[in-house]
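Below: one structure, written as structure tokens.
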Amino acid sequence: MATPLFQAPKGTRDVLAPESERQRALIACFAERAIGAGFGQVVTPIFEELGVFERIGEATELVSKEMYAFEDKDGRRLALRPELTASVVRAFVQHRPPTPWRAWYEGPQFRYEKPQAGRYRQFTQVGAEILGTDDPHADVEIIALAWRFYEAIGLTRVSLLMNSLGDPTCRPAYLEALSSYLHERSADLTEQSRATLEVNPLRVLDSKRPPDQEIIDAAPSMADHLTDEVAAHFEAVTQGLEALAIPYRLSPRLVRGLDYYQRTTFEFAADALDSAQNAIGGGGRYDGLAEQLGGPPTPGVGFALGVERMLLACDAEGAFTAPDNSPQVFVVDVTGGAEASALADQLRQHGIRADRGFDQRSMKAQMKLADRSGAAWAVLIGDEELAQGVVTLRDLRGDQGQTTIERRALVERLLARPATNGEP
RNA sequence: GUGGCCGUAGCUCAGUUCGGUAGAGCCCCGCGUUGUGGUCGCGGUUGUCGCGGGUUCAAAUCCCGUCGGUCACCCCA
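Just so we're aligned, residue 5 is where the first sequence starts under the working numbering, counting upward by one.
Written as structure tokens, this is what we have:
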């Protein structure tokens with residue numbers, strides 16, 4: 005294919021119907037469930053002051069290397085949001101809604117990454133956050149909302165991985181133990197892991213490079229270093245999941261890339277995707293974030309789910325197909341086109357999805373369009389019908405053939421006989 | 001960011017090994033019925049062979065660069 009003059013920038017893509025309808029339906033399904041669980045939508049700007057994201061961790065790659073940062077004409081330092089939790093917490097700090105505050109969101113995010121299947125520079129997430137409580141039941145509610153959503157869209161091959169990362173009272177000691185252990189074995193680590201070790205020892209546990217595995221397997225575990233309080237919290241969360249019969253796997257090496265996470269962290273892996281991009285969602289507790297963004301100390305927990313990746317997983321499982329938005333009626337007008345305008349408008353005003361042909365094409369050509377549109381009915385109008393004030397109503401999918409009816413009875417007739425799109 | 005693979009009509013792809021100047025199926029358009037789709041038959045349109053440069057009498061085919069996609073690492077949704 006010859007390269008067009010312009011194309012969507014690298015790592016971005018156009019989504020056309022029906023896939024776009026499918027994406028919209030997925031988000032609508034999430035919205036319905038979030039609202040049903042007491043969450044209200046929060047809509048934040050697509051760009052923020054750069055500092056909002058810098059606070060989420062200099063050691064975080066998405067902050068240090070992947071941000072679309074820029075200056076506006078007044079020299080303000082801004083960035084396209086690389087994730088949404090920081091924006092939501094910033095909004096919380098700015099507006100101080102009563103707690104516990106439950107918010108859900110959806111929208112695009114931007115990271116300057118090397119694109120791959122399921123990895124885009126602009127991608128869409130849906131998510132939810134609860135701020136103002138560190139009750140383990142909040143963690144459970146958050147996880148359950150995500151889990152039940154996967155169920156609702158028909159994804160069955162999803163694994164929930166759980167871990168606790170400790171908190172500021174116990175993590176430093178663990179980090180020290182881990183760091184000294186890794187330093188002892190650093191000669192056997194890959195070069196990349198040695199570099200990571202200096203920036204964030206925790207992240208070394210994430211390495212998938214084979215030479216590192218043996219060392220990582222024998223590394224000290226966070227689970228053994230949790231304070232009683234943090235361990236009890238985690239225990240309460242897992243018990244809560246069990247009470248709801250939500251299956252999970254403990255994953256002591258689950259680290260996650262955002263530095264603000266502490267205590268509960270979790271990730272959802274789509275087992276139907278065999279690529280490395282199988283994480284279709286993740287989240288955790290970020291009790292220190294509100295304070296870092298200049299607000300009062302406020303615990304928080306939330307998750308974000310990748311819309312594009314969920315849809316890839318749905319493809320792999322044959323789940324959540326695009327909704328059928330075909331017109332119910334296609335108007336075929338061989339008198340010039342004005343009657344099609346009038347009839348389609350009338351049908352649409354009554355909530356009937358209607359399409360029509362253009363360019364005064366032959367009846368044969370318009371019938372072909374009618375068929376391809378997926379419409380259940382064709383409404384035909386020619387010179388004879390026009391003269392007599394009638395239309396011909398033709399059943400395109402069933403065996404009702406065609407009849408001539410009074411033009412003024414058309415709407416009533418169609419409303420009385422719902423379309424049977426796609427049905428034989 | 002590092003490394004591998006791929007890039008031919010709107011779509012899926014053949015042709016690239018051993019250079020000779022572009023093909024199939026689908027889609028689309030028309031006709032078979034000057035008022036009727038889906039099946040069938042007949043006919044037809046469509047390509048700077050991703051882009052740029054080089055080698056050659058000659059390049060889709062070989063070489064270099066570049067852009068885009070993809071896979072692994074990385075990162076993560």
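Even for Gly, the Cβ is constructed at its ideal location relative to N, Cα and C.
Under a three-way DSSP split, which group does A83 fall into?
strand
Is the beta carbon of T64 sitting closer than 9 Å to the one on R94?
no
Segment contact flag, the region 269 to 285 with the region 316 to 336, C-beta cutoff 8 Å, min 3 pairs
yes
Taking only the alpha-carbon atoms, compute the straight-line gap between G111 and R207 and give it to the nearest angstrom.
28 Å
Which residues DSSP lists as bridging G168, in chain order:
Reading the sequence as shown, one finds Ser at residue 168 and not Gly. T268.
Taking the alpha carbon of L149 as the reference point, which residue from F238, R198 and L164 has its own alpha carbon closest?
L164
Simplified DSSP state of E117, which is helix, strand or coil:
coil
Neighbour-count burial assignment, I39, 16 or more Cβ in a 10 Å radius
exposed
Can you tell me which residues form a DSSP beta bridge with W451?
Here the chain covers residues 5 to 428 and nothing more, so residue 451 does not appear.
Could you have a look at I356 and say whether DSSP puts it in helix, strand or coil?
coil
In angstroms, rounded to a whole number, what distance separates the CA positions of R257 and A380?
55 Å
Under the three-state reduction of DSSP, which class applies to F238: helix, strand or coil?
helix
Runs of alpha helix (DSSP H) lying entirely within the region 270 to 312, each at least 4 residues, in chain order
293 to 296
Mapping DSSP to helix, strand and coil, what is E70?
coil
Could you check the C-alpha separation between N425 and G42 for me, to the nearest Å?
Only weak support is given to the placement of N425: the predicted model assigns it a pLDDT of 46, under 50, and the value that follows is read from those uncertain coordinates. Near 35 Å, if we compare the C-alpha coordinates of G42 and N425.
Since E145 and I157 are thought to touch, with beta carbons under 8 Å apart, how far apart are those beta carbons, to the nearest angstrom?
Not confirmed; about 19 Å, so no contact.
Cβ atoms of G287 and I147: under 9 Å apart, would you say?
yes
Please name the residue or residues paired with Q45 in a DSSP beta bridge.
W108
Delimiting residues of the alpha helix (DSSP H) encompassing T89
T89 to H99
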